[in-house]
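Novice: Please see the structure below; I have some questions.
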Amino acid sequence: MAALGHLLKCSVRLELESLARGFHQFPVMQAAEQALERNQAEVVLGPRTKGAPMVKSLKDMPGPSTLANLVEFFWRDGFGHIQDIQQKHTRQYGRIFKSHFGPQFVVSIADKDLVAQVLRAERDAPQRANMESWHEYRELRGRSTGLISAEGEKWLNMRSVLRQKILRPRDVAMYSGGVNEVIDDLVKRIRKLRAHESDGLTVTNVNDLYFKYSMEAIATILYECRLGCLDDKIPQMTKEYIKALELMFSMFKTTMYAGAIPKWLRPIIPKPWREFCRSWDGLFKFSQIHVENRLRQIESQLDKGEEVQGGVLTHLLLSKELDLEEIYANMTEMLLAGVDTTSFTLSWATYLLAKNPGIQESVYQQIVQYLRKDQVPTAEDVPKIPLVRAVVKETLRLFPVLPGNGRVTQDDLVLDGYLIPKGTQLALCHYSTSFDDKCFPAAEEFKPERWIRSGNLERKENFGSIPFGYGIRSCIGRRIAELELHLLLIQLLQNFEIKVSPKTTNVLPKTHGLLCPGGKINVRFVDRH
């Protein structure tokens with residue numbers, strides 16, 4: 001059996017070697033390598049003064065081989081621990097390194113100062129890294145791109161329209177009432193769930209609960225309706241919606257395979273692309289249903305001569321600054337971006353507070369200092385409790401929802417002495433920079449106080465941890481996500497002391513598109529008296 005296993009591994013390795021050689025025949029790979037050929041070591045920018053260092057070629061940049069990457073990701077399931085590979089490569093190759101992922105060539109940046117240089121050099125419409133599979137699906141189905149997938153002038157226009165309702169603090173504050181209604185239902189749900197456990201305290205797998213909270217809260221804001229995610233009996237349509245979302249979140253590896261596998265291989269390996277399309281079909285379908293429901297309601301109100309009021313979706317439908325296909329796309333992409341990102345952060349924050357009761361008590365004392373026990377907080381109350389915001393910032397540092405982000409250089413750029421040609425894909429390694437002790441002393445430790453100075457959140461920019469991005473292409477839903485996180489954490493601590501259940505072992509992160517808990521987080525919610 002051992003000999004058979006050895007033969008199988010050798011066979012797979014030979015196949016990967018063949019595949020690696022084949023990748024170099026793809027037009028995309030040839031173009032990348034031709035760009036490297038043009039980027040010779042003697043290239044310098046502007047007049048070169050005596051003693052000035054020579055700009056280095058990408059050929060001189062270290063990094064893993066194509067074969068090593070294929071083995072790491074396809075044979076060793078590297079898609080499930082991208083954050084670990086980031087740190088491994090940073091230790092091996094330094095703060096800037098190159099790699100080939102299938103037909104794609106990428107330069108990875110794992111240093112806060114270099115990340116800052118990249119982001120500060122961006123134009124008015126920064127270009128995200130390769131999203132070819134997203135664009136191809138939309139062309140195939142005749143769908144529009146949305147704020148996540150669009151580029152250039154189209155992206156700028158969409159952002160200018162959407163920011164009016166989801167980026168300005170005074171507009172986001174108006175959603176406090178709707179979010180608090182969802183939180184009230186969540187607290188009731190916690191009490192019901194723990195009543196079914198033998199100890200009367202434990203909620204198993206809190207991420208499932210937070211997933212439903214996040215979906216309900218973001219739907220309240222985006223679609224201006226309740227989905228019933230926290231009801232005892234979830235409506236069938238909502239169940240199907242949840243399945244569609246879960247399918248997309250479970251499709252990360254398929255998405256990566258779809259992007260890494262050349263089109264000519266799809267007839268041989270059809271499943272990744274087929275499932276990728278099926279998951280998007282489901283998401284667009286359900287978003288379209290909700291958009292059209294709201295459109296019919298608005299038309300009915302207008303026919304009756306009634307004044308129409310509402311939030312994000314109403315604004316988009318009435319302003320007509322985006323066409324219907326663009327609205328479908330943006331509702332789909334914003335919901336996709338706004339559910340698991342929030343639920344995973346809540347799961348990690350709950351876990352960290354439960355494991356650090358001293359910190360939890362400090363946060364609670366700050367809450368009761370400013371709020372009565374039965375006082376429902378609003379967006380205006382959050383700045384009075386800087387420790388809650390610090391807990392969120394520190395949670396996102398330790399467990400950044402996106403362990404990495406991507407950009408495409410729009411101009412030639414010199415980074416760390418290397419000339420990076422225009423059109424090069426960059427991977428910004430946020431997980432690695434978050435654990436750099438030079439950026440964050442005792443980086444492995446949960447220390448929310450590192451974000452506090454003189455009782456207020458530290459304002460100084462630290463590109464070592466930028467979970468919502470930076471600049472004009474930063475996360476447009478940041479303020480909504482923070483509202484959902486801050487209001488819920490305050491009310492959880494108003495109602496409960498959070499403790500780790502004996503059922504929970506040490507939980508480590510894994511990559512499943514986003515950085516998520518690698519195991520179930522089971523928590524005891526003990527009533528405060």
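FYI, full-length UniProt numbering numbers position 248 of the sequence shown as 248, with every residue one higher than the one before it. For each residue, glycine too, the CB sits at the ideal point set by N, CA and C.
1) Please list, in chain order, all residues of the same chain as GLY477 whose beta carbon is under 7 Å from its beta carbon, the five residues on each side excluded.
2) Leaving out five residues on either side along the sequence, give the residues of the same chain with a beta carbon under 6 Å from the beta carbon of PHE435.
3) Where do the ends of the beta strand (DSSP E) carrying PHE435 lie?
4) Taking buried to mean at least 16 other C-beta atoms within 10 Å of its own C-beta, is TRP348 buried or exposed?
5) Is the beta carbon of ILE466 less than 8 Å from the beta carbon of ALA354?
6) Does the separation of the CB atoms of GLN92 and SER432 fall below 8 Å?
7) Using the Cβ count rule (16 or more neighbours within 10 Å means buried), how would you classify TRP264?
8) Within the same chain, show all residues whose beta-carbon is closer than 7 Å to that of GLN83, passing over the 5 residues directly before and after it, in chain order.
9) Considering Cα atoms alone, identify which of ARG194, GLY200 and CYS229 is closest to ASP185.
10) Strictly by DSSP, which residues pair up with VAL203?
11) Would LEU140 pass as a contact of LEU162 if the rule is Cβ separation under 8 Å?
12) Can you give me the Cβ contacts of LEU156 inside the same chain, cut-off strictly under 8 Å, excluding the 5 residues immediately before and after it?
13) Output needed for VAL523: all residues of its chain with C-beta closer than 8 Å, excluding positions within five of it in sequence on either side, in chain order.
14) Just the C-alpha distance for ARG296 and ALA244, rounded to the nearest angstrom, thanks.
15) Report buried or exposed for ILE269, applying the criterion of at least 16 other Cβ atoms within 10 angstroms of its Cβ.
16) Give the single residue among LEU487, LEU313, HIS315 and ARG407 whose Cα lies nearest to the Cα of GLN375.
17) Tell me whether the beta-carbon of ASP412 lies closer than 8 Å to the beta-carbon of LEU419.
18) Determine the burial state of ARG397: buried for a count of at least 16 other Cβ atoms within 10 Å of its Cβ, exposed for fewer.
19) According to the Cβ coordinates, are PHE286 and GLU216 closer than 8 Å?
20) Between the Cα of LEU67 and those of SER99, MET61 and GLY80, spot the shortest distance and give me the residue it belongs to.
21) For PRO400 and ASP303, I'd like the C-alpha separation in whole angstroms.
22) For ASN180, report the span of its alpha helix (DSSP H) as first-last.
23) Extract the residue ranges of the beta strand (DSSP E) inside the stretch 372-438, only unbroken runs of 3 or more that lie entirely within it.
24) Excluding five sequence neighbours on each side, which residues of the same chain lie with their C-beta closer than 7 Å to the C-beta of PHE97?
25) What is the rounded straight-line gap between the Cα of GLY135 and the Cα of SER149?
26) Would you say the stretch 302-316 touches the stretch 216-227, given that touching needs at least three Cβ pairs under 8 Å?
27) With a CB to CB cut of under 6 Å and the five nearest residues on each side skipped, what residues in its chain are close to PRO235?
28) Going by DSSP, what residues sit across from LYS499 in a beta bridge?
29) Under 8 Å by Cβ, that's how I've got PRO448 and ALA390 pegged, so tell me the actual separation to the nearest angstrom.
30) Reducing DSSP to helix, strand and coil, say where GLN34 ends up.
31) Return helix, strand or coil for VAL291, following the three-state DSSP convention.
32) Expressed to the nearest angstrom, what Euclidean distance is found between the alpha-carbon atoms of VAL187 and ARG120?
33) Which of helix, strand or coil does DSSP assign to residue 616?
34) Does the beta-carbon distance from LEU428 to VAL115 come in below 8 Å?
35) According to the Cβ coordinates, are GLU292 and SER144 closer than 8 Å?
36) On the DSSP letters alone, give me the boundaries of the alpha helix (DSSP H) that PHE344 sits inside.
Specialist: So, from the data block:
1) ILE166, MET334, ALA337 and GLY338
2) ALA443
3) That residue, PHE435, is in no beta strand (DSSP E); it is neither H nor E in DSSP.
4) buried
5) no
6) no
7) exposed
8) PRO403, TYR431, PRO509, THR511 and LEU515
9) CYS229
10) VAL523
11) no
12) ASP124 and ALA125
13) THR202, VAL203, VAL206, THR350, TYR351, ALA354, ILE498, LYS499, VAL500, SER501 and THR504
14) 24 Å
15) exposed
16) LEU487
17) yes
18) buried
19) no
20) SER99
21) 48 Å
22) 176-195
23) 405-408, 413-415, 418-420 and 425-428
24) MET61, PRO62, GLY63, HIS89 and SER108
25) With the sequence shown as reference, residue 135 is identified as His, and Gly is not the correct amino acid for it. Rounded to whole angstroms, HIS135 to SER149 spans 7 Å at the Cα level.
26) yes
27) GLY228
28) ARG524
29) 4 Å
30) Because GLN34 sits at a pLDDT of 49, beneath the cut-off of 50, its placement in the model cannot be relied upon, and the following sentence gives the value as read from the coordinates. Residue state, collapsed to three classes: helix.
31) helix
32) 42 Å
33) Nothing in the structure corresponds to residue 616, since the chain is present only between 1 and 529.
34) yes
35) no
36) 340-355
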